[in-house]
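Peer 1: Numbering of the sequence shown is given in our numbering, commencing with residue 6 and proceeding in unit increments.
Each residue gets a CB set at the ideal place from its N, CA and C atoms; glycine is no exception.
Note that this is a predicted model, so its numbers are computed, not measured.
Quick one: structure below, then a few questions.
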Amino acid sequence: MWSKRDEVDYALQRRNSLQRVFGRARSLTPSDICDADPMLIRSALHHGELTKTHCPVCETNRLVNLNYVFGDQLGQYSGRIKSEAELVEMQTEYGDFKVCVVEVCTDCGWNHMIRSYRLGDGIKRRPPRRQPTVEDIYG
Ligand SMILES: [Zn+2]
Numbered sequence: 006m007w008s009k010r011d012e013v014d015y016a017l018q019r020r021n022s023l024q025r026v027f028g029r030a031r032s033l034t035p036s037d038i039c040d041a042d043p044m045l046i047r048s049a050l051h052h053g054e055l056t057k058t059h060c061p062v063c064e065t066n067r068l069v070n071l072n073y074v075f076g077d078q079l080g081q082y083s084g085r086i087k088s089e090a091e092l093v094e095m096q097t098e099y100g101d102f103k104v105c106v107v108e109v110c111t112d113c114g115w116n117h118m119i120r121s122y123r124l125g126d127g128i129k130r131r132p133p134r135r136q137p138t139v140e141d142i143y144g
């Protein structure tokens, strides 16, 4: 993605978590680190984009990535999940926002933020006008 910047890779933290289960010390059990809550699993099943990586804990090939977007310019859409294709479009629609990529295994519940980065064309914009949501109507 052309506007990608400030990328942070969390591979080291990921390795450390796994090391605590599979390393010599074994200070944690898989259930300690496979703690995805039901909402996260549901999001992963509906919006997750399948990766080529196998789950580091249970080794299934159902490891998915979720892209969470955050930023003032996103208004009420901050905190939502976006597909790779949506992110490509959003680069030219917003000046600056952060993407946090979380990998989730829908089988065992392993989840870890694997990287974050910023996107956007650098042009400052006001957040979009708030649209009523289902929660507003039925909340
Ligand atoms: Zn797994």
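Give a yes or no on contact between the segment 10-30 and the segment 71-79, applying the rule of three or more CB pairs nearer than 8 angstroms.
Peer 2: No contact exists between the segment 10-30 and the segment 71-79.
Peer 1: Can you check DSSP and say which residues form a bridge with Val62?
Peer 2: Here the question's residue 62 lines up with position 57 in the sequence shown. The partner list for Val62 (beta bridge, DSSP) is empty, contrary to what the question assumes.
Peer 1: Taking 8 angstroms as the cut-off, does the segment 79-87 touch the segment 114-127 (at least 3 CB pairs, one atom from each stretch)?
Peer 2: Too few Cβ pairs lie closer than 8 angstroms, so no.
Peer 1: Do you know whose CA, among Leu92, Glu98, Cys113, Thr111, lies nearest Val104's CA?
Peer 2: Working through the sequence shown from its first residue, we reach residue 104 at position 99. Comparing Cα-Cα distances from Val104 to each of Leu92, Glu98, Cys113, Thr111, the minimum goes to Leu92.
Peer 1: What residue range does the beta strand (DSSP E) around Glu108 cover?
Peer 2: For the purposes of this step, residue 108 is identified with residue 103 of the sequence shown, where counting begins at 1. Counting along the chain, the beta strand (DSSP E) containing Glu108 begins and ends at 102-110.
Peer 1: Between the beta-carbon of Arg25 and the beta-carbon of Leu17, is there less than 7 angstroms?
Peer 2: Walking along the sequence shown from the start, residue 25 turns up at place 20. Walking along the sequence shown from the start, residue 17 turns up at place 12. The answer is no: Cβ separation not under 7 angstroms.
Peer 1: According to DSSP, which residues form a beta bridge with Asn116?
Peer 2: On the sequence shown, residue 116 is found 111 positions in, with the first residue counted as 1. Paired residues: Val109.
Peer 1: Just tell me which of Phe102, Ile46, His51 has its CA closest to the CA of Pro132.
Peer 2: Reading the sequence shown from its first residue, position 127 is the one you call residue 132. Taking only the C-alpha atoms, the option nearest Pro132 is Phe102.
Peer 1: Can you find the residues in the same chain that come closer than 7 angstroms, C-beta to C-beta, to Leu5, ignoring five residues on each side of it along the sequence?
Peer 2: In the structure displayed, the chain extends from 6 to 144; residue 5 sits before or after that span and is not available.
Peer 1: With H, G and I counted as helix, E and B as strand and the rest as coil, what does DSSP make of Glu98?
Peer 2: Here residue 98 corresponds to residue number 93 of the sequence shown, with the count starting at 1. Looking at Glu98 - three-state DSSP - the assignment turns out to be coil, as it is neither helix nor strand.
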